[in-house]
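Residue numbers (the numbering used here): 8 to 285.
As structure tokens, the structure follows; a few thoughts come after it.
Dropping the structure here:
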């Protein structure tokens with residue numbers, strides 16, 4: 008897992024000429040320590056893999072999309088209007104927005120963890136003063152368990168991830184009327200003199216990349232759903248264990264109180280017997 012992360016970071020830093028995705032990965036690296044196993048898979052493999060493909064390969068494929076969009080007319084402005092009609096938002100920019108929106112909820116978890124550790128640090132400093140160095144080191148390296156308020160923050164971050172992933176997938180399908188890139192489109196927008204034929208560059212290659220990014224997004228959705236159910240299952244098991252422990256404590260307390268009453272009753276009986284004997 009660490010090897011994959013280091014390799015991914017190296018690739019990102021070398022490829023981020025136009026987008027500094029490495030900075031985003033560094034910010035999300037702190038979340039990885041406090042995530043579940045499925046969360047680490049999502050961050051270290053799927054998310055980074057999508058960024059690598061987007062930065063290294065996809066930008067070169069879509070880099071010439073407007074300049075190589077040709078129409079069989081010389082009417083001024085017709086080509087630009089047709090391009091804006093069929094491609095209102097660039098695939099690359101839409102995917103960049105998707106990755107930013109999807110990664111933002113994970114930063115909420117990092118902020119929650121940082122706030123919890125800061126409050127714990129203040130408590131340690133108030134209690135121990137100058138002797139708190141060892142406790143502060145332990146606190147820094149400690150992994151906070153996903154329980155209590157952090158559980159709710161983590162669960163909400165997963166829900167927002169799911170909403171953003173599904174929303175952007177639907178937006179991509181709605182804007183481009185599917186995930187396939189056509190070779191030829193017919194445009195009747197003004198100021199085109201009539202119905203003109205416009206040709207898209209690299210349609211097959213763009214279709215392959217689009218399907219790959221959609222499949223990656225779908226896999227992220229599956230991982231997020233699985234992680235959400237995993238969190239819910241762990242919470243239910245923990246609650247049932249706590250209720251069983253509380254019930255066991257109540258039974259033991261009841262037995263202890265009954266023993267005390269029995270001892271008092273026995274002591275009273277013995278005392279009365281001795282008094283009668285005397």
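By construction, the Cβ of each residue, glycine as well, lies at the ideal position given by its N, Cα and C atoms.
(request) Starting from residue 86, follow the alpha helix (DSSP H) in both directions and report where the run begins and ends. (result) Numbered from its first residue, the chain shown carries residue 86 at position 79. 85-93 is the span of the alpha helix (DSSP H), which, as asked, contains residue 86.
(request) In angstroms with no decimal places, state the Cα-to-Cα distance between residue 90 and residue 75. (result) Mapped onto the chain shown, residue 90 falls at position 83. Mapped onto the chain shown, residue 75 falls at position 68. Answer to the nearest angstrom: the Cα atoms are 10 Å apart.
(message) Just to check my reading of the structure: residue 3 and residue 231 have Cβ atoms closer than 8 Å, yes? What is that Cβ distance to the nearest angstrom?
(response) Nothing about residue 3 can be reported from this structure: the residues present for the chain run from 8 to 285 only.
(request) Report, in whole angstroms, the separation of the C-beta atoms of residue 168 and residue 210, which I expect to be a contact under 8 Å. (result) To locate residue 168, count along the chain shown from 1; it is residue 161. To locate residue 210, count along the chain shown from 1; it is residue 203. The Cβ separation is near 31 Å, so there is no contact.
(request) Check residue 77 in the structure and name its three-state DSSP category. (result) Within the chain shown, numbered from 1, the residue matching residue 77 stands at position 70. Note: residue 77 maps to strand in three-state DSSP.
(message) Let me check one thing: in DSSP terms, what residues is residue 115 bridge-paired to?
(response) By 1-based counting over the chain shown, the position of residue 115 is 108. Paired residue(s): none; residue 115 is not in a bridge.
(request) For residue 160, collect the residues of the same chain with a Cβ closer than 7 Å to its Cβ; drop the 5 residues on either side in sequence, then sort them by chain order. (result) If you number the chain shown from 1, residue 160 lands on position 153. Close CB contacts of residue 160 within its chain, under the 7 Å cut and outside five residues either way in sequence, are with 115, 116 and 119 (chain order).
(request) Measure from the alpha carbon of residue 72 to the alpha carbon of each residue in 83, 100 and 172, then state which is nearest. (result) The count along the chain shown starts at 1 and reaches residue 72 at position 65. Ranking the options by Cα distance to residue 72, first place goes to 100.
(request) State the Cα-Cα distance for the pair residue 208 and residue 166, rounded to the nearest angstrom. (result) Numbered from 1 along the chain shown, position 201 holds the residue referred to as residue 208. Numbered from 1 along the chain shown, position 159 holds the residue referred to as residue 166. Going from the Cα of residue 208 to the Cα of residue 166 covers about 37 Å.
(message) Using a Cβ distance threshold of 8 Å, determine whether the region 82-89 contacts the region 182-201, with at least three qualifying pairs required.
(response) Using a Cβ-Cβ distance cut-off of 8 Å, the region 82-89 and the region 182-201 are in contact, since at least three pairs of beta carbons, one from each stretch, lie closer than that value.
(request) Pick helix, strand or coil for residue 186, following the three-state DSSP scheme. (result) For the purposes of this step, residue 186 is taken as residue 179 along the chain shown, with counting starting at 1. Shown here, residue 186 sits in coil according to DSSP, grouped into three states, outside any helix or strand.
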